[in-house]
Amino acid sequence: MQVGLHVVRWFEDPMPIQSDSKDSAVFMPDNEPYLGRATVLQFDQIILTILKCNQSTAQRTHGMQLSDMQQMACVVIPQSVSLALSIRELVRAT
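Following our numbering, the numbering of the sequence shown begins with 136 at its first residue and continues without gaps.
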């Protein structure tokens, strides 16, 4: 499964974050603390893919009769995406 592989690699990124870029509340392309970290880029790409999949699935399921399991997924999956976005912001802020 490709998504799992990318997530595992994200934790193995050996490139340190530059300490001088932490002081800024607003980051520009020249002082992004994660600039050049391939694993953070992969995490961004995973999030974009999940958002696109969730959008198309949500559009299809709004007019359908759903089972209890499907209704649960309609709640849990968007919350998981929100959690991933929060993690992404934490990565950016550190």
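Ideal Cβ placement from N, Cα and C applies to all residues, glycine included.
Annotation for residue 176: the continuous alpha helix (DSSP H) segment containing it runs 173-196. Just measuring C-alpha positions, the residue of 173, 199, 187, 174 sitting nearest residue 212 is 187. With fewer than 16 other CB atoms across the displayed protein chains lying within 10 angstroms of its CB, residue 192 is exposed. Cβ neighbours of residue 219 within its own chain (closer than 6 Å, five residues either side excluded): 182. Cβ-Cβ distances below 6 Å link residue 206 to nothing in the same chain once the five nearest sequence neighbours on each side are left out. Relative to the Cα of residue 194, the nearest Cα in the group 215, 173, 209 belongs to 209. Here the C-alpha atom of residue 227 lies approximately 34 Å from the C-alpha atom of residue 197.
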